[in-house]
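Each residue of the sequence shown is one higher than the one before, counting from 416 in the numbering used here. Where a beta carbon is used, it is the ideal one built from N, C-alpha and C, also for glycine.
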Amino acid sequence: MSIGIIGVGIGGVAAAAAFDKFGVHVTVYERAHRLQESGAGMMLWPNATRVLKNLGLLDDIAARSGTTHHFLVRANGGQVLMDIPLGDFDVPALCTRRADLLASLQSAVPAERILYGRDFTYLETKKSKIRVHFADGSVAEHDAVVGADGIRSRVRGQLFGKVEPRYRGYTRLRAQCCLPGRDSACRDAPRHPAASRAVVAGRGMVTKLLPAALFEHNLRRVYSYEP
Ligand SMILES: Cc1cc2nc3c(=O)[nH]c(=O)nc-3n(C[C@H](O)[C@H](O)[C@H](O)COP(=O)(O)OP(=O)(O)OC[C@H]3O[C@@H](n4cnc5c(N)ncnc54)[C@H](O)[C@@H]3O)c2cc1C
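See the structure below:
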């Protein structure tokens with residue numbers, strides 16, 4: 416069985432790592448010419464970290480991430496409106512740098528199985544095989560193809576019709592910053608507020624603060640959006 420995956424984002428590379436773990440021959444095609452570090456941090460809830468555990472990657476990612484023990488919702492004056500404990504699952508809730516997550520997932524896929532500079536154009540069914548066409552004129556053949564080519568997916572467009580994303584009026588600003596000297600406090604006191612994911616509700620605006628890559632980079636991810 417041979418599987419082709421279009422796109423080496425988090426979805427594509429996680430699927431590739433899972434197929435590879437089960438001994439399925441997989442090839443990933445990515446239009447970029449190399450792995451790109453994009454985005455800031457992201458929250459990995461226990462449903463995601465459980466998958467990472469099954470892939471054997473949880474320890475690696477957890478070592479580079481900040482653990483989130485509480486999900487706090489605060490009013491703009493700072494008082495806690497809601498406190499959801501996240502420490503009672505069998506796996507942790509983590510906040511990690513997107514680039515670290517991608518690199519860790521990629522390490523679980525043999526390097527020669529990820530082909531860069533391959534811009535997918537269209538699929539074609541030929542008997543029981545699927546032919547995958549690329550912008551440079553090259554063609555690959557697989558038993559099945561997974562479209563993991565993101566929000567403007569060409570695979571989805573070909574199969575189900577083209578749908579453009581609709582702007583819903585939310586603008587999000589994101590940044591990462593260092594808070595020197597806070598990492599040891601978090602390590603020693605895991606219930607310290609700094610080890611929490613905080614959502615601060617203001618008037619017409621929400622700000623979120625997440626501990627990202629806490630121990631290695633001592634980063635916090637901050638973002639806010641205005642509805
Ligand atoms: C601001 C923001 C914050 C978020 N925060 C979180 C969070 O905290 N936790 C969480 O779980 N999720 C979060 N998400 C959602 C999460 O980022 C996405 O669901 C996830 O990145 C989607 O991954 P993907 O692999 O499907 O697509 P992508 O990451 O978009 O990857 C698609 C890949 O396909 C490639 N590609 C595209 N077209 C082609 C082509 N024609 N040929 C070959 N390759 C192609 C692209 O180059 C890219 O590498 C957030 C999203 C946003 C926008």
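Q) Does ligand 1 have a heavy atom nearer than 7 Å to the CB of Gly419? A) For Gly419, the Cβ stays outside the 7 Å cut-off from all heavy atoms of ligand 1.
Q: Report the residue from Gly619, Ala433, Gly617, Ala616 whose alpha carbon sits nearest the alpha carbon of Ser392.
A: Not covered by the structure: residue 392. The range shown for the chain is 416 to 642.
Q: Please determine, among Thr622, Gly424, Ala431, the residue with the shortest C-alpha to C-alpha distance to Pro525.
A: Comparing alpha carbon positions, the residue from Thr622, Gly424, Ala431 closest to Pro525 is Ala431.
Q. How would you write the range of the beta strand (DSSP E) that Val441 sits in, first residue to last?
A. Taken as a continuous stretch (DSSP letters only), the beta strand (DSSP E) holding Val441 covers 440-444.
Q: Specify the secondary structure class of Gly562 as computed by DSSP and reduced to three states.
A: Here Gly562 carries a strand assignment [DSSP, helix/strand/coil].
**Q.** Where Leu520 sits in the DSSP three-state scheme
**A.** Three-state DSSP puts Leu520 in a helix.
Q.
At the level of alpha carbons, what is the spacing between Phe535 and Lys577?
A. Straight-line Cα distance between these residues: approximately 15 Å.
Q. Which value, in whole angstroms, describes the spacing of the CA atoms of Gly562 and Ile529?
A. Near 15 Å, if we compare the C-alpha coordinates of Ile529 and Gly562.
(Q) Here's a check: name, in chain order, each residue in its chain whose Cβ is nearer than 6 Å to the Cβ of Met416, leaving out the five neighbours to either side. (A) The residues are Val439, Asp558.
Q: Following the continuous beta strand (DSSP E) through Thr511, name the residue where it begins and the one where it ends.
A: 509-512 is the span of the beta strand (DSSP E), which, as asked, contains Thr511.
Q) So, is Thr482 buried or exposed, given that buried needs 16 or more other C-beta atoms within 10 angstroms? A) It is buried - the Cβ of Thr482 has at least 16 other Cβ atoms within 10 Å.
Q) Beta-carbon separation of Arg513 and Ala455 under 8 Å? A) Going by beta carbons, Arg513 and Ala455 fall inside the 8 Å limit.
Q.
I need the boundaries of the beta strand (DSSP E) containing Thr536, first residue and last residue.
A. Run containing Thr536: 535-541, per the beta strand (DSSP E) assignment.
Q. Which of the three DSSP states, helix, strand or coil, is assigned to Leu496?
A. Residue state, collapsed to three classes: strand.
Q: Please work out which residues of its chain come closer than 8 Å, Cβ to Cβ, to Arg449, disregarding the five sequence neighbours upstream and downstream, and give them in chain order.
A: Around Arg449: Tyr531.
Q: Use the C-beta contact count for Leu574: other C-beta atoms within 10 angstroms, 16 or more gives buried, fewer gives exposed.
A: So Leu574 counts as exposed.
Q. Within 7 Å: the Cβ of Gly424 and any heavy atom of ligand 1?
A. Result yes, Cβ under 7 Å from ligand 1.
**Q.** Segments of 4+ residues assigned as alpha helix (DSSP H) that fall wholly inside the stretch 420-494
**A.** Within the stretch 420-494, the complete alpha helix (DSSP H) runs of at least 4 residues fall at 425-436, 461-469, 473-478.
Q) What's the C-alpha gap between Thr464 and Ala508? A) Those two C-alpha atoms are separated by around 7 Å.
**Q.** Beta carbon of Ile425 nearer than 8 Å to that of Asp564
**A.** No. Outside cutoff.
Q. Could you give the distance in angstroms between the alpha-carbon of Ala550 and the alpha-carbon of Ser568?
A. Going by the C-alpha atoms only, they are around 15 Å apart.
Q | Nearest-angstrom Cα separation, counted from Gly492 out to Trp460 | A | Going from the Cα of Trp460 to the Cα of Gly492 covers about 27 Å.
Q: Give the DSSP-derived three-state secondary structure of Pro608 in the structure shown.
A: For Pro608, the pLDDT reaches just 47, beneath the cut-off of 50, and the residue's location in the model is therefore unreliable, although a value from the coordinates is still provided. Pro608 falls in the helix class under three-state DSSP.
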